[in-house]
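Here is the structure we will look at, set down as structure tokens.
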Amino acid sequence: MPYGDWVNLHRRRRGLAAMAGLVAVAAVMSLGAAGPAQLVLRQATAEELLGPTGADQAEWFCDGLAGVGARASLYDQALADLAALTAPDGALVAAAAPAAWAYVWPRDAAFGAAALAVSGHFDQASAVLGFLQQVQGADGRFEARYHQDGTPVDDGRPAQLDGTGWALWAYGQVMGAAPADRQAQVAAQFEPLVTRSADAIEQALAGGWQGLVSSDYWERRETIITLGTVAPLRAGALAIGRTDLVAGLDQVLAAYFQPFGYPRYAKGSDLDAAAAMLAPAFQGEWPGGAATAGLAAERALARPAGGLAPGEGWRRDGVSWTPETALFAYAWASAGQAERAESWLTWLDQHRTDQGSLSEKVLADGSPAGPAPLSWTAALVVLAGASLGELAPASEVAVTCQPGEAGQ
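Per the working numbering, the sequence shown starts with residue 514, numbered consecutively.
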């Protein structure tokens, strides 16, 4: 069955919404501040999609969870996009088009692995984590991005230490989703990743101030420690039970971030979306004062269309960024703040592309822009939905998955 036909067939019981549309890889380009925004959507070719489509994706979908409630189609489309952006060997690209995004960012892939794990696709989640283990350096660090064959992209970007923390955090999510009789196997399989990553964090802490200075999700060269590096390192250390490393990172937070309201930079003032990385989803519970910092960051990062920017120090161009917005949705969902989480998810739902996917940005006038679908945003939406209990077994809620339906 062609994938588009399968999507048209996908209808839900109990009056729930239909899937928004088939997986579309869209090149959504902005002409910049000098000219008006131009929205260009292009349907992906079969060659651009890495994962299952058509009948194969129908089978994949029915093996896991599906969305329920008012945002069902948001979750289903996010899951479909993750599937289509993930190669069989676990190479999960940021976006399939335009070509500049058809690479594997360790950070994005780690969130994708976590989302696949919590949505019932354990084997695929393990494959993504396996890809990260394969490309990780012997020193436990990751380059900024990789080709789909695992070779680093040589574009001058510095290595990004936050990827080490995110990989460990994703390992914890995959381990948590593993069947009881496979947990020992998973631990053995990813022992190299865990050991190298823990060693990298230990060495970074031993290096003092300079040891923790690294580029993070802003992908800029840094000379000061950022919250966007410290928070994921702590999340990763916590995921593997390295309380000694957690304690060391707590000392960094207490000395350089907590007294200043958890800014982007150590002893700084500008707030940052990394405040959401201190949420219970990552840290078990908010560190002292971090929930208040999260609220303050939301207010400071608001943009005209209703979403959020990466930080106070980010360029003032009126653009909302969907990963950061979805990050706060997941943060609040994990903290039991359902109303706040749902408001961000509803905003994302209302600003999808015509094909139903989530783009990287939303312009000041509310138009989607940038690459789409974006795997990091899709993953965060799935994780938030799972935290809110808005995912259920597809076999129970999707008509497509009922006997005699999938093959129509």
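Cβ atoms here follow ideal geometry from the backbone N, Cα and C, with glycine treated the same way.
Whole-angstrom distance between residue j and residue i, CA atom to CA atom
| i | j | result |
| --- | --- | --- |
| Q649 | I737 | 24 Å |
| A604 | A818 | 33 Å |
| D712 | G720 | 12 Å |
| D652 | Q863 | 43 Å |
| T913 | T805 | 44 Å |
| T739 | I753 | 22 Å |
| V743 | R733 | 16 Å |
| Q796 | S870 | 29 Å |
| G724 | A767 | 17 Å |
| V707 | L681 | 7 Å |
| V910 | S782 | 47 Å |
| S597 | A809 | Note that residue 597 is Ala in the sequence shown, not Ser. If you take the alpha carbons of A597 and A809, they lie about 36 Å apart. |
| P745 | D675 | 6 Å |
| A891 | A794 | 16 Å |
| V759 | H660 | 32 Å |
| F655 | P916 | 45 Å |
| F644 | T664 | 11 Å |
| D878 | R812 | 19 Å |
| T677 | R865 | 31 Å |
| Q646 | V726 | 23 Å |
| L896 | A842 | 9 Å |
| A844 | D662 | 33 Å |
| S908 | P671 | 45 Å |
| D602 | A623 | 15 Å |
| A540 | P884 | Bear in mind that the predicted position of A540 carries a pLDDT of just 32, short of 50, making it unreliable; the figure below should be weighed with that in mind. Straight-line Cα distance between these residues: approximately 6 Å. |
| A839 | R755 | 28 Å |
Backbone secondary structure at residue i - three-state DSSP
| i | result |
| --- | --- |
| T736 | coil |
| V666 | coil |
| P772 | helix |
| A610 | coil |
| P881 | strand |
| Y659 | strand |
| G633 | coil |
| W799 | coil |
| A911 | strand |
| E903 | coil |
| A579 | strand |
| W731 | coil |
| S847 | helix |
| D785 | strand |
| G749 | helix |
| L871 | coil |
| W827 | coil |
| L725 | coil |
| V617 | strand |
| L840 | helix |
| L821 | strand |
| L887 | coil |
| L758 | helix |
| L876 | coil |
Extent of the continuous alpha helix (DSSP H) run through residue i
| i | result |
| --- | --- |
| A809 | 803 to 813 |
| L861 | 851 to 863 |
| W679 | 675 to 690 |
| D594 | 585 to 597 |
| E704 | 704 to 719 |
Any C-beta of chain B under 8 Å from that of residue i
| i | result |
| --- | --- |
| G603 | Chain labels in this structure do not include chain B; a single protein chain is all it has. |
Is the number of C-beta pairs between the stretch 624 to 635 and the stretch 591 to 600 that are closer than 8 Å three or more?
yes
Indicate whether the contact test is met: 3 or more Cβ pairs, each with one atom in the stretch 601 to 620 and one in the stretch 567 to 582, closer than 8 Å.
no
Check whether the stretch 635 to 642 and the stretch 899 to 906 touch, using three or more Cβ-Cβ pairs below 8 Å as the test.
no
Pair every Cβ in the stretch 723 to 732 with every Cβ in the stretch 696 to 705, then say whether three or more of these pairs are closer than 8 Å.
no
Is it a yes or a no for the stretch 786 to 793 touching the stretch 691 to 699, going by three-plus beta-carbon pairs under 8 Å?
no
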